[in-house]
Amino acid sequence: MFQRHVFGKLKPVIQPPNLIEIQTRSYRDFLQADLPPAKRDSSKGL
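Here the sequence shown stands for residues 53 to 98, where the numbers follow our numbering.
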């Protein structure tokens, strides 16, 4: 029988970003609901 020899090393895996948090933060910034209408940026969002 043959034996398998592995000479490579596994690199550490990075934690993926929280994509749901990124999307909800972007949508919250788009809506600008936390700002009064007079202070909202008219070139951004609603």
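Every residue gets a Cβ at the ideal spot worked out from N, C-alpha and C, and that includes glycine.
Helix, strand or coil at residue i according to DSSP, with G and I counted as helix
i     : result
Leu71 : helix
Arg80 : helix
Pro89 : helix
Minimum C-alpha distance to residue i - residue among the options
i     : options             : result
Gln84 : Lys96, Lys63, Lys61 : Lys96
Test: residue i CB closer than 7 Å to a CB of chain C
i     : result
Lys61 : In the displayed structure, chain C is absent; only one protein chain is listed.
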